[in-house]
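The next block holds one structure in the form of structure tokens; read it before the comments.
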Amino acid sequence: MTTNKIKYKRYSFSVKLEKKINIFFERTFISFHEELQLLRNTMYKSEQSKDIFALNERTWVGILNNAILKAFPNDEVSTLQEFGVYHDENKNHIGRADYLVCWEDKYLLFEAKQYEETSIAKNANKLEMKAMYEREKGQAEKYYNAEKIYYGEKKVYIIPIYFGWMRKEGLVQRGKDYKIDDDETDFCALYYESNNGVWVYGKVYGPYENDK
Numbered sequence: 499m500t501t502n503k504i505k506y507k508r509y510s511f512s513v514k515l516e517k518k519i520n521i522f523f524e525r526t527f528i529s530f531h532e533e534l535q536l537l538r539n540t541m542y543k544s545e546q547s548k549d550i551f552a553l554n555e556r557t558w559v560g561i562l563n564n565a566i567l568k569a570f571p572n573d574e575v576s577t578l579q580e581f582g583v584y585h586d587e588n589k590n591h592i593g594r595a596d597y598l599v600c601w602e603d604k605y606l607l608f609e610a611k612q613y614e615e616t617s618i619a620k621n622a623n624k625l626e627m628k629a630m631y632e633r634e635k636g637q638a639e640k641y642y643n644a645e646k647i648y649y650g651e652k653k654v655y656i657i658p659i660y661f662g663w664m665r666k667e668g669l670v671q672r673g674k675d676y677k678i679d680d681d682e683t684d685f686c687a688l689y690y691e692s693n694n695g696v697w698v699y700g701k702v703y704g705p706y707e708n709d710k
């Protein structure tokens with residue numbers, strides 16, 4: 499039986515990122531591709547290709563988590579998903595942070611969003627992209643500021659990350675031809691099969707100063 503292959507395109511990472519952060523995303527995106535292919539070969543092997551990309555936010559974060567753990571098997575990596583955040587002084591519940599990675603001397607705090615992509619054009623609008631990233635950064639900063647004492651002396655990076663499901667005719671092709679030049683997006687990868695796919699992209703803020 500022929501195995502359906504998910505294809506992968508990695509766009510250039512931002513030159514503004516630290517070398518170690520670029521390495522982190524490079525290895526993670528390769529591993530993410532392998533995780534998607536594993537799903538394609540098992541749970542989705544008899545389904546239409548669009549079904550593997552029509553996932554909700556929590557599932558995408560779960561795939562990202564598996565990819566990171568497998569990308570760094572010999573490093574000290576620990577993760578938390580969907581964890582409650584409370585104000586340190588009065589213990590009021592603020593919300594649920596999406597995903598936290600502790601890697602080497604860094605904490606990577608992700609704020610994730612899943613949506614159906616309908617147009618590539620918006621990604622060329624620098625003001626729109628900046629506003630989008632700033633919105634998710636603000637949400638994650640609330641979580642960070644409420645419990646920053648627990649981050650110790652590690653560097654903290656806040657990372658809005660987006661999973662844009664593509665199924666509209668022609669979107670995948672336009673995504674493959676897309677050049678990232680919005681001066682805002684720091685990382686991006688496209689995973690696709692035929693006319694269906696998802697692109698994963700975002701921005702890195704930090705490092706933030708922590709309480710010692």
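Per my numbering: the sequence shown = residues 499 to 710.
Just so you know, even glycine gets a beta-carbon here, dropped at the ideal spot from N, CA and C.
DSSP-derived helix/strand/coil call for residue i
i	result
D679	coil
K568	helix
H591	strand
G695	strand
Classification of residue i by the beta-carbon crowding that lies within 10 angstroms, buried from 16 upward
i	result
L734	Outside the shown range of the chain (499 to 710) lies residue 734, about which nothing can therefore be said.
I521	exposed
Y613	exposed
G673	buried
Q535	buried
N539	exposed
F661	buried
K710	Because K710 sits at a pLDDT of 47, beneath the cut-off of 50, its placement in the model cannot be relied upon, and the point is left open.
A619	exposed
Reference residue i, options the options, closest by Cα
i	options	result
S512	Y642, T616, D684 and L669	D684
A687	S617, F527 and Y613	F527
D681	Y690, F661, K628 and R665	K628
V583	I521, Y648 and L669	Y648
S576	H531, Y605 and I592	Y605
D596	L607, D603, N590 and K589	L607
R508	R525, N502 and I550	R525
N590	K640, P705, F551 and E533	K640
Identity of the residues DSSP links to residue i by a beta bridge
i	result
Q612	F661
I656	L607 and Y703
Y584	H591
W601	V575 and K604
L625	According to DSSP, which records beta bridges pairwise, L625 is partnered with nothing at all.
Check: residue i C-beta below 7 Å from any heavy atom of the ligand HEM
i	result
L578	No copy of the ligand HEM occurs in the structure displayed, which carries no ligand at all.
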